[in-house]
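Visitor:
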Amino acid sequence: MCGIFAHLNFGELKERNSVDVCMEGLRQLEYRGYDSAGIAGIKDGQICSIKSVGKVSTLDEAVKPQQLQFRLAIAHTRWATHGRACEANAHPQFDQDHRLALVHNGIIENYAKIKQTLVKKGVTFSSETDTETIAQLFAHHYKENLLKAAVNTFSELDGAFSVALIHKDHPDQIVVSSRDAPLVIGINDQTNEIFVSSDTNAFTGQSLRVLFLKKDEIALLSPDGIELYNKKGKALDITFEELCVEECQTATGEFDHYMLKEIYDQPLVLKEIIHSQSDETNHSALFEQLVLTPKQIKNVDQILIVACGSSLHAGYLAANMIETAARIPTRAEIASEFRYSDPIITKNTLVIAISQSGETADTLAACELAIDRGAHLVAICNVKHSTLVRMAPSTILLNAGPEISVCSTKAFTSQVCVLQLLTLYLARIRTFGASEGREFLRKCEAIPHLAQEVLKRAGSIASLAEKYARFTKFFYLGRQQMYPTCLEAALKLKEITYLQASGLPAGEMKHGAIALIDESLATIALCGNHVTNDKLFSNLMEIKARGGPILAFAPDGSESLQQVADDVLYLPIGESDEQNIYIYSIATQLFAYYVAKNLGTNIDQPRNLAKSVTVE
Ligand code: M6R
11 MCGIFAHLNF
21 GELKERNSVD
31 VCMEGLRQLE
41 YRGYDSAGIA
51 GIKDGQICSI
61 KSVGKVSTLD
71 EAVKPQQLQF
81 RLAIAHTRWA
91 THGRACEANA
101 HPQFDQDHRL
111 ALVHNGIIEN
121 YAKIKQTLVK
131 KGVTFSSETD
141 TETIAQLFAH
151 HYKENLLKAA
161 VNTFSELDGA
171 FSVALIHKDH
181 PDQIVVSSRD
191 APLVIGINDQ
201 TNEIFVSSDT
211 NAFTGQSLRV
221 LFLKKDEIAL
231 LSPDGIELYN
241 KKGKALDITF
251 EELCVEECQT
261 ATGEFDHYML
271 KEIYDQPLVL
281 KEIIHSQSDE
291 TNHSALFEQL
301 VLTPKQIKNV
311 DQILIVACGS
321 SLHAGYLAAN
331 MIETAARIPT
341 RAEIASEFRY
351 SDPIITKNTL
361 VIAISQSGET
371 ADTLAACELA
381 IDRGAHLVAI
391 CNVKHSTLVR
401 MAPSTILLNA
411 GPEISVCSTK
421 AFTSQVCVLQ
431 LLTLYLARIR
441 TFGASEGREF
451 LRKCEAIPHL
461 AQEVLKRAGS
471 IASLAEKYAR
481 FTKFFYLGRQ
491 QMYPTCLEAA
501 LKLKEITYLQ
511 ASGLPAGEMK
521 HGAIALIDES
531 LATIALCGNH
541 VTNDKLFSNL
551 MEIKARGGPI
561 LAFAPDGSES
571 LQQVADDVLY
581 LPIGESDEQN
591 IYIYSIATQL
601 FAYYVAKNLG
611 TNIDQPRNLA
621 KSVTVE
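Count the sequence shown with the working numbering and you get residues 11 to 626, in order.
What follows is the structure in structure tokens.
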């Protein structure tokens, strides 16, 4: 989950300082981890580096007074896996003689064994990281030839990795390689620069020729250009792609945090999705990049959805919608479990991968398994040039704009929205007549307005959040579509407030969780499923009888809830279960936000988390 960035000048033009370029690159990659950051280059024939614990801005403060000038540099922002967040464990890591510096994203699974062997040979280690093992092993294999050392080193490693390395004996070169962890090389022919990055986010605003490294490829970058090799050191031809990453608006504007801005983005984002993907003529939806014929869709015998975190919750909601409307057996699977399972996949199985970033390692591995077994993969993603989008034959882009806050908000509701439209599309081919399609679409079109109406209640939500911020434990209870909505609400709260929160199907309470009820645990009931609301009312009575405080999120007009709940937050009335998903999700996002604000946590970059989880 770390971010790698590297830069090299070539050609005759006036050179840019690689330090400045790498620091800017790191700022764009910081969402991948912010435990520590570091940069290294070569000066007067020696490896020269600066590292610091914490965010890229801390590294920036350490770098500026040094006024370093490098012609090439490698840089890193870390999400700690092996070893605490401290300077010794920050990247770059070095060999014992400080002849080389290396940055790494991924996990080396056999590092302990390699380390043991090297220690026995007299090598001294100075960090707790798996990364140092690569650096020391490289130095061990190095006999004046970078490529040979790279081939020998990387072939000994188990696990996923992408690396960039510099060596003091080769002050003009950078070695890069990757296995199951993305790395992209970009060339700017106008400015004579080469860039390396964990993803294309760091190339924003540039037009480049790019090369996405494939599994186990090794590239040597130098002022002469790029040489590409396979894992055995055999030279390969290079085919570049043209890439232009548009500049995106990423400021918080009038809002205190990205999370709040992104919550407020939702009405417009949802409106654009519905507007651009509705097919009014056929009372259906349009997906330009879905390469499935109606015949293939008619033959689909099951749909498996793979995802993690909030995207998985969107998957649970979608599974329900698709089964109900299109009558196709559909299951959402936890990608980290699915990747090690033995799933039944037929030639008519459709696998849908949902990922905001398109870089989540578990989701990508689940997709590889599905593709290997012959499934057709549909990627639902927010990042156009991501690994997921590049691997899937069919893609649906969210176009929700960059989501900067670690806590997903607009990407989640956009995923649900796109999946709702996909449900319509499948249903129109399999089960729905024109009038059912028209009615479904009409209800979709009301969603942006309902989202806007929820935002108008932010004041009441903030007051309730202030009151409930004194609790340390929360249950979110709901039934039917409100159950995955509860899972998502609980994830939001724990992620940014660090408070204990669980989402539960209300009917399950009496089978165990009710034992936890006392005056210190607040229950938040999401009363957004009209079919089961009476049942939910009874479940709340059982909690009240045991002294548990209750806050109900309920539709306008449900005054009877005041008999059981200590507080009621009234919300717009949704006409359908699907509409309620948005209403209750946005309300619980705001609730989590304001509780976190009361507690003073780091809302956009919560502790221990990173936006993109690129390791297992
Ligand atoms: O980029 P992805 O959608 O694949 O990310 C999956 C999860 O890591 C992500 O949804 C995570 O749970 C969010 N931080 C939740 O707010």
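All C-beta atoms, glycine included, are put in the ideal place defined by N, C-alpha and C. Computed from a prediction, not measured in an experiment: that's the story for all the values here.
(1) Check the DSSP bridge columns for C58 and list the partner residues they point to.
(2) Please list the terminal residues of the continuous alpha helix (DSSP H) segment that includes C427.
(3) What's the C-alpha gap between V113 and V220?
(4) So if DSSP puts T533 in a beta bridge, which residue, or which two residues, is it bridged to?
(5) N120: which of F80, A160, S165 and K502 sits nearest, CA to CA?
(6) If you run the structure through DSSP and keep just helix, strand and coil, what is F171?
(7) Would you say the beta carbon of G513 comes nearer than 7 Å to a heavy atom of the ligand M6R?
(8) Residues in the same chain with beta-carbon distance under 7 Å from C496, minus the five sequence neighbours each way, listed in chain order, please.
(9) For E71, count neighbouring C-beta atoms within 10 Å of its own C-beta (all shown protein chains included) and say buried if the count is 16 or more, exposed if not.
(10) For K224, which residues from the same chain have a beta carbon less than 6 Å from its beta carbon, with the 5 sequence-adjacent residues on both sides left out?
(11) Closer than 7 Å: is that where the CB of C254 sits relative to any heavy atom of the ligand M6R?
(12) Hey, would you say T441 sits closer than 8 Å to A336, going by beta carbons?
(13) So, with DSSP's three-state summary, where would you put V73?
(14) Contact between the region 386-395 and the region 405-423: three or more CB pairs below 8 Å?
(15) Can you list, in chain order, the residues of its chain whose CB lies under 6 Å from that of A231, leaving out five sequence neighbours each side?
(16) Confirm, please, whether the CB-CB distance from F171 to A191 is below 8 Å.
(17) Please work out which residues of its chain come closer than 6 Å, Cβ to Cβ, to L253, disregarding the five sequence neighbours upstream and downstream, and give them in chain order.
(18) Which first and last residues belong to the beta strand (DSSP E) in which S365 is found?
(19) Which residue comes first and which comes last in the beta strand (DSSP E) that contains P515?
(20) Beta carbon of R598, beta carbon of K466: below 8 Å?
(21) Can you tell me whether R452 is helix, strand or coil according to DSSP?
(22) What distance in whole Å lies between the Cβ atoms of C318 and D352, which are believed to be in contact at a cut-off of 8 Å?
(23) How should Q103 be labelled, buried or exposed, when 16 other C-beta atoms within 10 angstroms of its C-beta is the threshold for buried?
(24) Measuring CB atoms only, is the region 339-346 touching the region 307-324, in the sense that at least three cross pairs come out at less than 8 Å?
(25) Taking its Cβ as the centre, do 16 or more other Cβ atoms sit within 10 Å of K153, making it buried, or is it exposed?
(26) In this structure, what does DSSP give as the bridge partners for N198?
(27) Using the C-alpha atoms, what's the distance from V428 back to H293?
(28) What separation, rounded to the nearest whole angstrom, lies between the Cα atoms of L280 and E463?
(29) Just tell me which of C32, A47, L407 and S207 has its CA closest to the CA of I284.
(30) Taking only three categories from DSSP, how would you classify H395?
(31) Using a Cβ-Cβ cut-off of 8 Å (strictly less than) and excluding sequence neighbours within five positions of D566, which residues of its own chain qualify?
(32) I think R42 touches S208, with their Cβ atoms under 8 Å apart; what is that distance to the nearest whole Å?
(33) At the level of alpha carbons, what is the spacing between L78 and M33?
(34) Could you give the C-beta distance for C417 and E505, rounded to a whole number, given that I count them as a contact under 8 Å?
(35) State the DSSP-derived secondary structure class of F222, mapped to helix, strand or coil.
Guide: Put simply:
(1) Taking the first residue of the sequence shown as 1, we reach residue 58 at position 48. In DSSP, C58 forms a bridge with G51.
(2) Here residue 427 corresponds to residue number 417 of the sequence shown, with the count starting at 1. Residues K420 to R440.
(3) Here residue 113 refers to the residue found at position 103 when the sequence shown is read from its first residue. Here residue 220 refers to the residue found at position 210 when the sequence shown is read from its first residue. One C-alpha to the other measures close to 20 Å.
(4) Residue numbering aside, residue 533 sits at position 523 when the sequence shown is read from its first letter. Answer is F485 and I560.
(5) Working through the sequence shown from its first residue, we reach residue 120 at position 110. Nearest C-alpha to N120: S165.
(6) Stepping through the sequence shown from its first residue, residue 171 is reached at position 161. Here F171 sits in strand by DSSP.
(7) Along the sequence shown, read from residue 1 onward, the residue named residue 513 stands at position 503. Checking the Cβ of G513 against the ligand M6R gives no.
(8) Numbered from its first residue, the sequence shown carries residue 496 at position 486. Correct list, in chain order: Y486, L487, G488, G513, L514 and L536.
(9) As a working mapping, residue 71 is identified with position 61 in the sequence shown. E71 should be labelled exposed.
(10) As a working note, residue 224 is residue 214 in the sequence shown. Once the five neighbours on either side are set aside, K224 has no close Cβ partner at all.
(11) By 1-based counting over the sequence shown, the position of residue 254 is 244. Checking the Cβ of C254 against the ligand M6R gives no.
(12) Locating residue 441 in the sequence shown gives position 431, where the first residue counts as 1. Locating residue 336 in the sequence shown gives position 326, where the first residue counts as 1. The answer is yes: Cβ separation under 8 Å.
(13) The residue labelled residue 73 in the question sits at position 63 within the sequence shown. Helix, per DSSP.
(14) yes
(15) Within the sequence shown, the letter at position 221 stands for residue 231. The sequence shown places Leu at residue 231, rather than the Ala named in the question. Counting only Cβ-Cβ distances below 6 Å, and skipping sequence neighbours, we find L18, I184 and I204.
(16) Reading the sequence shown from its first residue, position 181 is the one you call residue 191. Reading the sequence shown from its first residue, position 161 is the one you call residue 171. The answer is yes: Cβ separation under 8 Å.
(17) Position 243 of the sequence shown, counted from the first residue, corresponds to residue 253. Once the five neighbours on either side are set aside, the close Cβ partners of L253 are L218 and V220.
(18) Residue 365 sits at position 355 when you count from the first residue of the sequence shown. Note, S365: beta strand (DSSP E), T359 to S365.
(19) The residue given as residue 515 occupies position 505 in the sequence shown. That run of the beta strand (DSSP E) goes Q510 to P515.
(20) Counting from one through the sequence shown, the residue named residue 598 turns up at place 588. Counting from one through the sequence shown, the residue named residue 466 turns up at place 456. A small fix is needed here, since residue 598 is Thr in this sequence, not Arg. No, they are not a contact pair.
(21) Along the sequence shown, one-based indexing puts residue 452 at 442. In the structure shown, R452 sits in a helix (DSSP, three-state: H, G or I).
(22) For the purposes of this step, residue 352 is identified with residue 342 of the sequence shown, where counting begins at 1. For the purposes of this step, residue 318 is identified with residue 308 of the sequence shown, where counting begins at 1. D352 to C318, Cβ: 20 Å. No contact.
(23) Counting from one through the sequence shown, the residue named residue 103 turns up at place 93. Buried is the call here.
(24) yes
(25) Position 143 of the sequence shown holds residue 153. It counts as exposed.
(26) By one-based count along the sequence shown, residue 198 stands at place 188. Its beta-bridge partners are E203.
(27) The residue given as residue 293 occupies position 283 in the sequence shown. The residue given as residue 428 occupies position 418 in the sequence shown. Between H293 and V428, the C-alpha separation is close to 15 Å.
(28) Start at 1 with the first residue of the sequence shown, and residue 280 comes out as number 270. Start at 1 with the first residue of the sequence shown, and residue 463 comes out as number 453. Taking the straight line from one Cα to the other gives about 14 Å.
(29) Translated into positions along the sequence shown, residue 284 becomes position 274. Selected option, being the one with the closest Cα: L407.
(30) What you label residue 395 is simply residue 385 of the sequence shown in a count that begins at 1. Three-state result, H395: coil.
(31) Start at 1 with the first residue of the sequence shown, and residue 566 comes out as number 556. Once the five neighbours on either side are set aside, the close Cβ partners of D566 are Y580, L581, P582 and I583.
(32) Counting from 1 along the sequence shown, the entry for residue 42 is found at position 32. Counting from 1 along the sequence shown, the entry for residue 208 is found at position 198. Rounded, the Cβ-Cβ distance is 6 Å, consistent with contact.
(33) Reading the sequence shown from its first residue, position 68 is the one you call residue 78. Reading the sequence shown from its first residue, position 23 is the one you call residue 33. Distance between the alpha carbons of L78 and M33 is about 12 Å.
(34) Mapped onto the sequence shown, residue 417 falls at position 407. Mapped onto the sequence shown, residue 505 falls at position 495. Confirmed, Cβ separation roughly 5 Å.
(35) What you label residue 222 is simply residue 212 of the sequence shown in a count that begins at 1. It is a strand residue.
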